[in-house]
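All residue numbers for the sequence shown refer to the working numbering, where the first residue is 529 and numbers rise by one. We put the beta carbon where it would ideally sit given N, CA and C, even for glycine.
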Amino acid sequence: MSEVVHERRGPFWTLMRRWPTALALASVVLIWSAGLGDLADAVSGFGEAVLLLPLEYLILNRIGRPAMSWPVIGAIVAAIVVIDLLDVVALSTVVIAVALVLLVWGVIGEAPDGRASFGIQAAGMLGFGAIALAGLAVDPDLGRYLVAAGWFLHGVWDAVHLKLDRVVSRSYAEACGVVDVGVAAMLLFLV
Numbered sequence: 529m530s531e532v533v534h535e536r537r538g539p540f541w542t543l544m545r546r547w548p549t550a551l552a553l554a555s556v557v558l559i560w561s562a563g564l565g566d567l568a569d570a571v572s573g574f575g576e577a578v579l580l581l582p583l584e585y586l587i588l589n590r591i592g593r594p595a596m597s598w599p600v601i602g603a604i605v606a607a608i609v610v611i612d613l614l615d616v617v618a619l620s621t622v623v624i625a626v627a628l629v630l631l632v633w634g635v636i637g638e639a640p641d642g643r644a645s646f647g648i649q650a651a652g653m654l655g656f657g658a659i660a661l662a663g664l665a666v667d668p669d670l671g672r673y674l675v676a677a678g679w680f681l682h683g684v685w686d687a688v689h690l691k692l693d694r695v696v697s698r699s700y701a702e703a704c705g706v707v708d709v710g711v712a713a714m715l716l717f718l719v
C-alpha cells in the first residue's frame, strides 16, 4: 500500500518553513520602530549587545547541545532584564566576566565539540569583543560604524554556522543572522 504524501505549497507553508526569518524580520521591525534615539546611547546599547552575540555561541559550544539555542537565548534575555532592573553592575561587565569564565573553562576542560571548535568560538568571542569595545571607546560618530560592522560580521558568522550546521541550531543561526544584518543596516542608515 502506497502512502499518499500531501505536498504543502503556498505562502503559508513557505512562511512556516521559514519561521526563523519571519520571526527575525518581525524583531527587526520592532527594533527599527523603537528608533535609535541619541547616537551615543544607541552606540552604547548596541555596542554592549555585540558582546552578547558571540557569548551565546561560546555558551552553546561549552554545553555541546545546539538544540539548547533558543532556551539559552531566553535565559540571556531574562538575565539582561534582571541586570537592568537591579542596576548594580553594567551589562558589559557581566558579559565579560561570563566570557572569561567560559574561556578559562574551555582551556582547562574538555571541549564537547572538540578543541578546534572551542578555539573558533573563543576567537569569535575575542574578535567581536574587540570590535564592540573599540566601538564603545571611540567617538559615537565613528563608534556606530564599528558597532554596525560587528553586527554585520556576526550575521556572516551566523550564515557560516547555518551552512555548517554547528554549535547553534539552524533555526537560531538563521534568525540571528537576519536580526544582525537588520541592526547593522539600522545603525548605518537610520541615524
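Within 10 angstroms of its Cβ, does residue i collect 16 or more other Cβ (buried), or is it exposed?
i, result
"Asp708", "buried"
"Ile636", "exposed"
"Phe717", "exposed"
"Pro582", "buried"
"Met714", "buried"
"Glu584", "buried"
"Val616", "exposed"
If you draw a straight line from the C-alpha of residue i to the C-alpha of residue j, how long is it?
i, j, result
"Tyr673", "Val557", "21 Å"
"Leu538", "Thr621", "For the record, residue 538 in the displayed sequence is Gly; it is not Leu. Whole-angstrom Cα-Cα distance: 47 Å."
"Pro548", "Ile608", "22 Å"
"Trp598", "Asp566", "31 Å"
"Lys691", "Asp641", "17 Å"
"Gly678", "Val578", "6 Å"
"Ser530", "Met596", "Here Ser530 scores only 49 on pLDDT, less than 50, and its place in the model is too uncertain to base an answer on."
"Ala651", "Gly563", "32 Å"
"Gly647", "Ile601", "22 Å"
"Ala606", "Leu580", "13 Å"
Please go through the region 573 to 630 and give each complete alpha helix (DSSP H) segment of 4 or more residues, from N-terminal end onward.
-> 597 to 614
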